[in-house]
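For reference, the structure is listed below as structure tokens.
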Amino acid sequence: MSLLSIENVSAGYGEIDIVSEMNLTVAEREIVTIAGTNGAGKSTLVKAIMGLAPRCNGAIAFDGHDLLKLSAEDRISVGISYVPQVANVFAPLTVTENLQLVEAVADQRARIQEIFDLFPALAARRRATAGSLSGGERQQLAFARALMPKPKLILLDEPTAALSPALVLQVLQLIQTLPGLGSAALVVEQRARQCLAISDRGYILDSGRIVMAGEARALLADEQMTKHYLGRA
Amino acid sequence: QEAYRIGALNPVTGAGNTYGSGMQKSIIAAAAEVNAAGGAAGRKLEVLAEDGQTSAEPAVLAAKKLIEVNKVNAILGTWSSSVSLAIQPMTLASNIILMHTSSAPTLFTQNQRNLDWGFQSGSKYNGRAMAAAVKKEGFTKPAIMSFNNDAAINNVGFFRKAWEAAGGKIVAALTYEPKRTSYRSELQKVLAAKPDVIALSGYLPDTTIILREAYELGATAKFIIPDWAAGPALLKALGPDVSQGVLVYGTVPNIAGAAFKTYSAAYKKALNTSGEENVFGAQAYDMVISLALAIEKAGASADNVAIAKEIRAVSNPDGEKVTSFAEGKAALKAGKKINYEGASGPLDFDEDGNAVADFALFTYDKGQYVKRYLLQ
Amino acid sequence: MTLELRNISKRLGGMLVLDGLSFSAGLDELTGIIGPNGAGKSTLFAVISGFQGGDTGSTRFDGETLDGLRPEQRVGKGLARTFQVPRPFTHLTVRENLAVGAQDQAGEKLVDLFVRPWRVRAQDKAIFERADATIDFLGLGPVAHKPAGQISGGQRKLLELGRALMSEPRYILLDEPFAGVNPVLIEQISERIVEAKARGVGFLIVEHDLSALSRLVSRLLVMDRGRLIADGAPGQVLDDRTVQEAYMGGVVS
Amino acid sequence: MTEYINLVIAGTVQGLVIALAALAISLSFAVARFPNAATGDTMTVGAYVAVLVQAATAGSLLAGSIAAIIVTTLVSVACYFLVFKKLERRPLVASLIASIGIAFFLRSMLTFFLGFEQHVFQIPISRALNFSGIRIIPIDLWLSGIAILVLAATFVLLFLTPLGRRMRAVAADMDLARASGIRSGRVMIALWAISGVLSAVAGIMVGIKTVVTPDLGWDLLLPAFAAAILGGIGSPGGAVLAAILLGVAQEVSTPFVGFTYKIALSFVALIAVLIVRPAGLFGQPERVR
Amino acid sequence: MLPYLVTIAIMIGIYGLLTLGLNLQYGYTGLINFGHVAFFAIGAYTSALISLAGYPIALGMAAGTVLAFLAAYPLGLLCLRLRADYLAIVTLSFSEIIRTVLISEEWLTEGTQGLPGIPKPFSSLSQGNADLAYLALVATAMLVAILLMWRLSHSPFGRLIRAVRDDEDAVRAVGKDPAQLKIKTLMLGAALAGLAGAFYAHYVGYISPDQFLPLVTFYAWIALIMGGAGTITGAIVGSSLLLFILEGSRFLRDVVPFVSEVQMASLRLAVIGLGLVLFMLYRPQGLIPDRSQS
Ligand SMILES: Nc1ncnc2c1ncn2[C@@H]1O[C@H](COP(=O)(O)OP(=O)(O)OP(=O)(O)O)[C@@H](O)[C@H]1O
Ligand SMILES: Nc1ncnc2c1ncn2[C@@H]1O[C@H](COP(=O)(O)OP(=O)(O)OP(=O)(O)O)[C@@H](O)[C@H]1O
Ligand SMILES: [Mg+2]
Ligand SMILES: [Mg+2]
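Residue numbers (the numbering used here), protein chains in the order written: chain A, 1 to 233; chain B, 1001 to 1376; chain C, 2001 to 2253; chain D, 3001 to 3289; chain E, 4001 to 4294.
Now the structure itself:
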């Protein structure tokens, strides 16, 4: 049984479908990468899963819930976390307040401390408003907030964009530890090579369709993939 | 016979809303009375009402509609000077009679063909009456507070003129803005000059606030205010203690007169409140009656200029006093000269076309509104 | 022919974000800046481009001082920039966004608009031809007529770059041009940057994608906590131990 | 000297009277992201309900106030559900114009059923306390006390409770808030309810100081907006402080500029401050990087 | 009936000019100008005073337009750094300051008494024909303004001011000064408002400060939004619709006979209020939507 299963999903903003006839699954504790050209519809797909795309048809099942029947807020409470690609922190709130917003945790204070241990850069700026953070610091904060409720599935839209190499490594390592923490991850990434390296499986999107799917290792080895989507190693 | 169409252009909304609907109802009631008596020179009166919104631009459009669409012969009951001034060029151009309760002096200088009639004793008379009352009450150090609009400023302006002409001195004067939440600093300024009386020229809401705050601040000066800012509503707002001794000057509606009784009954019937509360209601009522009498006198085929010429003839002294349209009509039929004594006063028009009324001084005493004496 | 910074400091919210920074970069070169997140790179760009005034220090561009000039005046001198978080004109189409980037348009002046309409028309035609070429090169063809508020995150980055190119500057500050851009496209863009350089346009590039950056630039500056901690050829800089510690957590990728 | 102290007192009281209105505006401006022109007429509704209920219950101001708070809260929340919620994603001007429409509608309903006559609260009118020329009117003390209390409560709610945090999060980015599992709908209801409560209290305060007429709230809209902006949107303390500052500046200026220009003066002060601090006294400026 | 319709048409033209100016400022540039009535007032008073002083009406109108144009300059300078919504309140305040000046500077404006007897053009014609001629004049002005707007909006200038509406900093980053652009559009819009004011003064014949309340600004906004911001036809359709609602509700009584005149007035306000709300809910982009704004 897969944790998330997307069947025949089409989604978009206006009349035309941005993604069409998608089929995709994520199993429990599995890391899945989505890569593809700019404008292929990766973010749109993730938004559709979260209920943030204006239009979405098909079937999305998650952990026994029919997601299309739930509002965006409710999808969070059934155990999905989401880090958008842009605008992913609450700028006027402090770093700590950003984390405190996640209230569905048993011992919030302790959990925030754990998070700060994971992200020392954030701990150092805990009283700063999120708006004053650097690009990379924001990215960490957004990731940290998504981790707060210990979700079953975490949707990451380009989590390493704008991060320094050290942090990229750190984030990838973090993603790698997610299965151990009980979470699965669906990661949209342009650093597809590095991301696939830590993933179980991957999907490649182009113009709203899945052009290739399979084991991460197989994708990495594919010549065509390298030429059209992944770039040189 | 073609009906004589009257446009009732009253301040139903806006600053004059306290009076507008009463004025309109009075006009309708008076027209009904005239029609019941067989119409004026056989012509039925037909009333078409519009809301002037106490504001020039909507009033202009409303007047345009009355004139062009409804083809009215007269426009009655414009209240504020700004409205009257704005529509006067239109009424003059179309030979339409305009009867208003405004006081702007320029209104009367435009009135070469005697088409315009002011039923509210203008600022000149108000100011003089105020000066007379202040003098008679024995005050020597009056101060002035005026609401910042044309009518209020003119009232106190004429008060100052009359007072200073008689050798008096004004100790302090200021103009205040409408719609403030407090007039404390205004009062502070005026009271610092230690006046013994404050001539306050405003409207009900600001007068309420000012009198209340003056009391709270322990002011000892008396206040003298116009009747349109007074009445039972002020008493209700202030209670007997604060209102005690506030002086009110105003035209004496002919309360004892028959015209007032008819008006008052009609007003009560239409609005379920006393006609005494609305000085302009009586004036609006009188507009219709005197107009109808003038029509009666001028005859069914007379045009507006001819009709307007007869207004003085049916209202001013030196004729048999009549107090209703029916009475006047009968007297006219009998070939007599008549002098309509209206609900709002004797209704004698001066050379400008402005009605001169009798003024009296009233006051609040132990929660009662009482008339003190007539002013000369 | 240099961009020269002398002793630039900037304090923001009680933190010394730029700490007496000085360097000079050739206007016909490709220079890269790397440094940990929060090192002050974007702030440096904001100061150079005039969006934020520095607390101390001065900036000279090709021998002329830029101090006191407003951002738009600096662009007039030939110094353009992109934003790390793209800022497209959301209600304009992609094509129009690019057109706005072109400099000295007669049609933007009221007088010319009415006095010399033919000139306006001819110029606008030329501008759109250039815009279309830029669209082709950035692969934005499918969204060329879409309002820029409706394009994807990566497309916005490309548009940001395209708009800066449209102003035909002598020198461009690129703030993370590759973040979120498809690797294949990164290679293409890199080629274009090299081409532009051959035409005499210089770049100062902030980028975290080291492999792409080091293939591109001839010189690499490393920032940490508002200071320069290394400066040199990419290979040499990336081997530096302090750099590795400050930037790459001691690990070479 | 006493003259000036009295002027300062007069200004402070006037400031406090509009402070709550400014607070209501500032709050909904910050979270719902548009200047709600219906705030004024919601205040008027509150004042009317209070004054009528007081008259009907033999002078109980408390009963009047409670009824007013209930009604304005309902009105405010209803406005959200029926109108503002549907306009959330539209430009600010759409909500603004709609709120002007609501303002007109509320006022028209009041005048339709209640006419234009003025109403007054039955409050004992008492002489001022006199400290060698410095006069303090007892009712002003009461009003100030209530204003400060309400302000404190709002402050606590906004900055020290999870609800306040959620509210600020929704204010910052409604989409992200939803994507983070914050039930923005509930937060908005809370917001509009609070704004309704504040409007009621503000309306009653104005009504007590002045007289209750259909224009009561609408006429205060501009000064209240000015205070909210001057304080910096999203800064409740700023709104209140700015209201008092504007009030004091107005009254203290009267010896120099007179009683007509004093109103203009507060607007001049507003513009002057905004030139120096474009985001208001306590607002957070946005920076470009 | 016809003369009444002509009057309405003239008022539509006057509001149309006012709205067209606002359209340039808000519809294209995104400036939330809530002080439009200030320029309307400046145009009206300037033209009235000059023609009352015996100079030709045409001179007065030109002066009114130019003065309104110039008066926008300092306001523009003040407003440059302000956030859009703050600008709304500041401009609103500005219009109230102007009104206070009109009230207070009696030596010039006659204060609250206002200026009666403002000369009308074409006074040699009969009243009906004079009105028709006036309408032709207003319509011509309107046509010129429309052509002007069209040229502006379909040009690189129009593109640039729409860019300013979206993101000023990005405009600066491409080397253009948003401040200059905002000032220019503010001034041009103000000039149109000034011209509208001049037309108003000479048509109504009497002006006083209380004709220049913020309500006039709101009316222009309502017209703009109902018509559709960012389009030229929208401004005209909107002002027609505005007058239709304002005046049409006068005829409401024929439909609703059982209410008093006071209640009638309340109902009119209710209709206007409700109309606005419904419009925003169901036709938020206006009758003539701007295609770039989906
Ligand atoms: N307005 C501000 N108030 C307080 N601190 C600020 C402000 N702006 C920036 N900072 C801080 O200054 C530091 C430098 O920020 P800057 O954006 O320049 O970093 P950067 O080097 O571009 O980082 P990144 O690679 O993550 O984009 C950061 O720590 C940031 O939090
Ligand atoms: N709000 C929107 N309205 C209309 N169309 C949109 C919107 N957002 C995105 N699109 C369109 O949908 C397509 C896919 O966008 P999406 O953001 O899903 O791409 P993506 O695969 O995430 O690309 P990237 O890697 O560049 O982020 C794009 O071509 C874009 O034009
Ligand atoms: Mg994306
Ligand atoms: Mg940066």
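All C-beta atoms in this analysis are idealised placements derived from N, C-alpha and C, irrespective of residue type, glycine included.
- For Val3077/D, the CB contacts under 7 Å within the same chain, skipping 5 residues up- and downstream, are Ile3189, Trp3192, Ala3193 and Gly3196 in chain order.
- A residue is called buried once 16 or more other Cβ atoms fall within 10 Å of its Cβ, and Asp1241/B, having fewer, is exposed.
- Annotation: the stretch 82-124 of chain A contains the following complete segments of the alpha helix (DSSP H) (minimum length 4 residues), in chain order: 95-100, 108-118 and 120-124.
- Within the model, the alpha-carbon separation for Leu3052/D versus Pro84/A is close to 52 Å.
- Looking at the DSSP output, Arg1005/B sits in a beta bridge with Glu1046/B.
- Residues of the stretch 120-133 of chain A with a Cβ closer than 9 Å to any Cβ of chain C, in chain order: Ala121, Arg125, Ala128, Thr129, Ser132 and Leu133.
- Leu2220/C is a Cβ neighbour of Ile2034/C, given a cutoff of 9 Å.
- Residues with their Cβ less than 5 Å from any non-hydrogen atom of ligand 1, running along the chain, are Ser132/A, Leu133/A, Ser134/A, Gly135/A, Gly136/A, Leu2012/C, Gly2013/C, Val2017/C, Asn2037/C, Gly2038/C, Ala2039/C, Gly2040/C, Lys2041/C, Ser2042/C, Thr2043/C and Arg3287/D.
- Counting only runs of 4+ residues, the alpha helix (DSSP H) found wholly inside the stretch 3030-3087 of chain D occupies 3039-3056 and 3061-3082, in chain order.
- Under a criterion of Cβ atoms nearer than 9 Å, the residues of chain A adjacent to Tyr2247/C are, in order, Ser164, Pro165 and Ala166.
- The criterion of a C-beta distance shorter than 9 Å is satisfied by Ala1074/B and Leu1098/B.
- The Cβ of Ile4222/E sits no closer than 9 Å to any Cβ of chain B.
- Taking 8 Å as the cut-off, one finds no heavy atom of ligand 2 near enough to the beta carbon of Tyr203/A.
- At the C-beta level, Ala1133/B and Ser1080/B stay beyond 9 Å of one another.
- Within the model, the alpha-carbon separation for Gly3064/D versus Ile112/A is close to 46 Å.
- Rounded to whole angstroms, the gap between the alpha carbons of Arg2163/C and Leu3096/D is 34 Å.
- When Cβ pairs closer than 8 Å are counted between the two stretches, the stretch 1138-1152 of chain B is seen not to touch the stretch 3231-3248 of chain D, the count staying below three.
- Relative to ligand 2, the beta carbon of Leu45/A is positioned inside 8 Å of a heavy atom.
- The beta carbons of Tyr4086/E and Ile3263/D sit about 20 Å from each other, so the pair does not count as a contact at 8 Å.
- Closer than 9 Å to the CB of Glu158/A there is not a single CB belonging to chain D.
- By the rule that beta-carbons nearer than 9 Å mark a contact, Leu3281/D does not touch chain A.
- The continuous alpha helix (DSSP H) containing Met50/A extends over residues Lys42 to Met50.
- The straight-line gap separating the alpha-carbon atoms of Ile2008/C and Gly2057/C is approximately 4 Å.
- Secondary structure of Phe2178/C (DSSP, three-state): coil.
- By the Cβ test, the stretch 1280-1288 of chain B is not in contact with the stretch 1230-1247 of chain B, since fewer than three Cβ pairs between them sit closer than 8 Å.
- The C-alpha of Lys4182/E is placed about 10 Å away from the C-alpha of Tyr4073/E.
- Close CB contacts of Thr3057/D within its chain, under the 6 Å cut and outside five residues either way in sequence, are with Ala3063 (chain order).
- When CB distances to chain C are screened at a threshold of 7 Å, not a single residue of the stretch 203-219 of chain A falls below it.
- Listed along chain E is no residue with a C-beta nearer than 9 Å to that of Glu2176/C; the closest approach is about 15 Å.
- Non-local beta-carbon contacts of Gly36/A in its own chain, meaning distances under 7 Å to residues more than five positions away in sequence, involve Lys42, Ile204, Leu205, Asp206 and Tyr229 in chain order.
- Note that the C-beta distance between Leu4195/E and Leu4024/E is not below 9 Å.
- Its Cα nearest to that of Ser1055/B, the residue Asn1010/B stands out among Asn1010/B, Leu1332/B, Thr1251/B and Ala1294/B.
- Any Cβ of chain A closer than 9 Å to the Cβ of Lys2157/C would place that residue at the interface, and such an atom is present.
- Look at Ile3182/D: its C-beta is under 9 Å from a C-beta on chain A.
- Positions of the alpha helix (DSSP H) runs, each at least 4 residues long and wholly inside the stretch 3177-3235 of chain D, are given as 3184-3209 and 3216-3231 in order along the chain.
- By the Cβ rule, the stretch 2114-2130 of chain C does not count as touching the stretch 2138-2145 of chain C, because fewer than three pairs are nearer than 8 Å.
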